[in-house]
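In UniProt numbering, the protein residues as written are 1 to 670.
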């Protein structure tokens with residue numbers, strides 16, 4: 001018999017791995033020749049494995065470098081995560097390569113460490129408290145029987161719970177005793193019955209399927225009923241639409257009829273509106289005037305709200321919008337917008353509601369149906385008053401960089417479909433109407449400006465940090481669209497430009513409290529008015545940083561407005577409810593008219609009509625009072641005297657009238 005032995009051979013070259021070949025050793029080779037140890041056998045000493053690789057001298061001398069890296073070979077490289085944004089599974093490229101081989105939490109601390117000292121201090125405090133407690137209990141024992149006995153002498157007594165022997169009761173004494181009841185008032189126990197039945201999986205499945213079919217049948221019956229109701233409702237809607245009583249022509253006829261009835265009921269007031277003339281005004285008193293109250297515009301929804309803004313429509317001269325909100329910010333309410341007309345003062349033509357209080361609004365000059373609105377929560381909105389829905393067509397959100405504080409004023413651009421807004425967060429923003437959104441753009445950040453002396457000291461110390469001033473109002477120059485004025489909560493007025501968003505062109509200091517309104521003169525490019533909570537109305541020249549005229553009205557001035565028909569007439573309202581009308585051409589140091597618009601309410605807004613001699617005053621009781629001006633208060637342009645004045649327009653004549661006033665004014669007094 002021959003047994004298989006492994007013998008060496010040449011290595012086969014090929015694509016696959018080298019295979020080991022085994023051949024049988026013939027029987028002629030005896031076991032003695034093979035020997036007991038294969039390593040000492042000369043016949044097997046030269047035998048090699050067939051997959052053995054032979055290396056030459058140079059290959060043996062070559063040093064093979066080994067590199068260690070931080071990659072974990074066992075870490076998975078094919079993890080995927082679901083992307084909710086792209087709605088697909090994406091491969092996770094970040095692989096966790098950390099491998100923890102051994103972790104041992106140590107609970108031994110050093111004696112010299114701070115942690116050990118804190119523990120020792122805590123133990124000492126705890127022992128001290130226990131001693132004080134034992135002393136307190138021992139001192140409380142007054143009986144002679146226990147006078148010589150102390151708890152700290154007996155170590156076993158300390159382990160027991162401490163009890164006050166003079167005021168101790170068992171818990172069983174403090175429980176409620178069971179009340180006895182008579183047999184007549186006891187009720188019989190409910191009858192019980194046992195029910196048992198064997199069930200199987202298929203019976204349970206059949207019951208579930210029967211219940212599911214019953215639910216499907218009930219849903220199908222409800223759908224059939226809804227279809228029948230829907231058909232009936234559609235038929236009713238079609239009948240209503242076809243009914244002439246609900247047509248657009250009937251609606252217009254009813255509106256005209258309502259206006260005719262209202263005008264007939266208030267015939268005297270409408271006559272005063274058209275032909276009012278105060279006979280008491282004569283040539284002997286040209287420096288006095290009067291106002292006649294006409295209507296009060298209010299609704300039931302606006303009674304608990306405050307008037308926060310008034311704006312006349314630029315195209316329809318009898319239409320104006322009123323914004324309702326609240327200046328008492330501890331009692332924040334929802335907002336309301338009402339559009340009234342003088343033709344029907346009993347009820348608003350249009351109304352819209354907002355979630356937050358309305359703080360300001362403005363009509364577009366060329367598109368009078370668009371109304372921009374600023375809210376208390378920093379949102380700006382655009383309404384189309386022609387739309388039948390109550391929703392805004394544009395609204396700013398957090399994603400579109402809305403203001404973080406109340407928006408105090410909005411103003412449309414005269415030529416473009418965009419408007420500007422100012423807020424207490426220190427930003428003046430531009431909002432462009434895109435196809436389906438408002439595109440924001442920051443125009444100016446209102447940097448805080450302090451007094452010059454304090455600013456110089458802080459700059460020397462190099463420790464001054466600038467903040468943002470709270471914006472309260474702004475107004476664009478009618479003769480230069482790039483320039484606009486900004487009034488702040490700190491009492492400063494800044495002349496700014498759209499082209500220079502990083503700095504002010506000029507700063508006017510004259511008020512000590514918040515500036516509520518700044519208004520450019522409609523006929524002169526350099527003159528503007530301002531009113532503040534410091535009781536002052538100030539008149540300014542753009543070229544001079546100090547006011548050229550000042551009025552102290554004895555109360556916070558809510559609003560001021562230039563008259564559209566004269567360059568020297570303006571009106572103001574104060575918080576005690578008075579309305580003041582001034583004419584600088586007649587009397588520059590005293591008002592021409594004083595009238596109490598509201599006796600028990602704060603008057604906070606005033607606005608002139610662009611054509612008729614009507615002035616509106618809003619109060620904090622949700623009403624808007626209308627007044628008509630007398631003849632002395634509505635003086636228009638000066639009648640031309642010579643041939644040169646005949647060729648001049650009314651705007652040029654009004655500008656010359658203001659120039660004449662400025663030339664006679666001492667600019668160093670104020």
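The beta carbon of each residue, even a glycine, is placed where N, CA and C say it ideally should be.
Keep in mind it's a predicted model, so treat the numbers as computed, not measured.
Anticipated Cβ contact below 8 Å, residue 502 with residue 422, distance rounded
Residue 502 to residue 422, Cβ: 17 Å. No contact.
Could you name the residues of the same chain whose beta carbon sits closer than 7 Å to that of residue 651, not counting the 5 residues immediately before and after it, in chain order?
523
Among residues of its own chain, excluding the 5 on either side of residue 488, which ones have a beta-carbon nearer than 8 Å to its beta-carbon?
446, 469, 470, 471, 472, 494, 514, 515
Using 8 Å as the threshold, is the C-beta distance between residue 307 and residue 337 below it?
no
Here's the rule I'm using: 16 or more other beta-carbon atoms within 10 Å means buried, otherwise exposed. How should residue 347 be labelled?
exposed
With DSSP as the reference, please indicate the residues paired to residue 681 in a beta bridge.
Past the edges of the chain, shown from 1 to 670, lies residue 681, and the structure says nothing about it.
Taking the alpha-carbon positions, what's the residue 114 to residue 132 distance?
27 Å
Check whether the Cβ atoms of residue 603 and residue 628 lie closer than 8 Å to each other.
no
Residue range of the alpha helix (DSSP H) that residue 658 falls in?
650-664
Report buried or exposed for residue 664, applying the criterion of at least 16 other Cβ atoms within 10 angstroms of its Cβ.
exposed
So who's on the other strand from residue 593, going by DSSP bridges?
581
According to DSSP, which residues form a beta bridge with residue 620?
DSSP, once it has assigned bridges, lists no residue as partnering residue 620.
Taking residue 614 as the reference, which of 71, 221, 274, 121 has the closest Cα?
274
Among 659, 658, 601, 626, which residue has its Cα nearest to the Cα of residue 340?
626
Is it right to say residue 287 is buried, meaning 16 or more other beta carbons lie within 10 angstroms of its own, or is it exposed?
exposed
Please determine if the region 295-313 and the region 216-229 are in contact, where contact requires at least 3 C-beta pairs separated by less than 8 Å.
no
Residue 358 beta carbon less than 8 Å from that of residue 433
no
Which partner residues of residue 506 appear in the DSSP bridge assignment?
495
How would you write the range of the alpha helix (DSSP H) that residue 263 sits in, first residue to last?
248-265
Residue 434 (DSSP reduced to helix, strand or coil):
coil
I'd like the list of long-range same chain contacts for residue 439, defined as Cβ closer than 6 Å, with 5 residues on each side in sequence excluded.
432
What does a CB cutoff of less than 6 Å around residue 349 pick up in its chain, not counting 5 residues either side in sequence?
339, 341
Other residues of its chain near residue 479: CB distance less than 6 Å, five sequence neighbours each side excluded:
525
For residue 658 and residue 632, what's the separation of their Cα atoms in angstroms?
18 Å
Report the partner residues of residue 484 according to the DSSP bridge assignment.
476, 496
Suppose you measure from the CA of residue 323 to the CA of residue 449; what does that come to, to the nearest Å?
32 Å
Can you list, in chain order, the residues of its chain with a C-beta nearer than 6 Å to that of residue 655? Leave out the 5 residues immediately preceding and following it.
523, 524
Apply the 10 Å Cβ neighbour rule to residue 98 and answer buried if 16 or more other Cβ atoms are within range, or exposed otherwise.
exposed
What's the call for residue 399, buried or exposed, on a 16-neighbour Cβ count within 10 Å?
exposed
Between residue 579 and residue 561, what straight-line distance do the alpha-carbon atoms span, to the nearest angstrom?
11 Å
Under 8 Å between the Cβ atoms of residue 363 and residue 624?
no
Measure the alpha-carbon distance for residue 302 versus residue 290 and round it to whole angstroms.
29 Å
Terminal residues of the continuous beta strand (DSSP E) containing residue 538?
536-541
Kindly indicate which three-state DSSP category residue 374 falls into: helix, strand or coil?
strand
Would you report the Cα separation of residue 334 and residue 425, rounded to the nearest angstrom?
21 Å
By the three-class DSSP mapping on this structure, what secondary structure does residue 230 have?
helix
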